[in-house]
Amino acid sequence: MTTNGMRISDAVRSDILNARWVPGGKLQPATLADLYQTSTTVIREALTLLAGDGLVSIKPNRGFFVPELNVRELQDLTELRCITEALASGLAIERGDSTWETDLVAAHYRLARIPRHTSEDSTHLSEEWVAAHRGFHEALLRASGSPVINHLASNLADHTALYRRWAALSPVSAKRDIDAEHQAILDAALARDAPLTASLLRTHYEETVNVVLAAGLAHESKSPRH
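The opening residue of the sequence shown carries number 3 in the working numbering; numbering runs sequentially from there.
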């Protein structure tokens, strides 16, 4: 993909994650081409790329759509993420040295000091906070010594990104003390308490599921999302 194509892909990704369009909404290439001032060919390439990341749904003979939020899929992804990160964090706690601890503390420091929402829009997550949040969770697992496990954890984080962004928009999420959740995870990891760290990570991720359910953001379905 060209540099312009990657730029457009990044812009569409950001708008999807910032809820510019509702889950299930159709993405018209011609409309997007006007919006982003590019060609429909570039738009189609960008949407196809984002489909590979799970941020766009392609329906045969119907076109491109923002994925719908599906309760069963979210629950399955969350369970797999909890299991994966329990293993990865356990290995990191066992193998991590003082450098790992220093990097983890630094990642948490950055996260704790970045406003979760932008000053211009209190309903959307700050991109800087999102990056710091991702950095903290990656720093926690980095010392596992297993690129395969960490890659799987990263992919699962990507696949739940849309759910996390939509959950953050809900008033229900305001009841969470996410800063306290991250602090507890940090403290457990530095105390080298692998079972507690895994338990806190599970609670952290399952709380997002609870927010999505409480806010009615996802639909019930026994079939996977298309």
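The C-beta atom is built at its ideal place from N, Cα and C for all residues, glycine as well.
Query	Result
Does the segment 108–122 come into contact with the segment 61–72, if we say contact requires no fewer than three beta-carbon pairs (one atom in each stretch) closer than 8 Å?	no
Does the distance from the C-beta atom of arginine 83 to that of alanine 170 stay below 8 Å?	no
Consult DSSP for glycine 65 and reduce its assignment to one of helix, strand or coil.	strand
Mind listing, in chain order, the continuous alpha helix (DSSP H) runs of no fewer than 4 residues lying wholly within the segment 22–93?	31–38 and 42–54
Please state whether DSSP places proline 226 in a helix, a strand or coil.	For proline 226, the predicted model reports a pLDDT of 37, less than 50, meaning its position is unreliable and no value from the coordinates is stated.
By how many angstroms is the C-alpha of glycine 56 removed from the C-alpha of aspartate 160?	8 Å
DSSP state of histidine 126, grouped into three classes?	coil
Alpha helix (DSSP H) containing proline 149: first to last residue?	149–161
Between serine 100 and the rest of its own chain, which residues show a CB-CB distance below 8 Å, the 5 nearest in sequence each way excluded?	none
What are the boundary residues of the alpha helix (DSSP H) that threonine 6 is part of?	Sequence check: residue 6 is asparagine here, not threonine. Here the alpha helix (DSSP H) through asparagine 6 covers 5–19.
Tell me whether the segment 204–212 and the segment 180–196 touch, counting them as touching only if at least three CB pairs, one residue from each stretch, are closer than 8 Å.	yes
Quick one: using the 10 Å Cβ neighbour count with 16 as the cut-off for buried, is alanine 182 buried or exposed?	exposed
Going by other Cβ atoms of all chains shown within 10 Å of its Cβ, with 16 needed for buried, is threonine 1 buried or exposed?	Residue coverage of the chain in this structure runs from 3 to 228, which leaves residue 1 outside it and unanswerable.
Tell me whether the beta-carbon of leucine 79 lies closer than 8 Å to the beta-carbon of leucine 158.	yes
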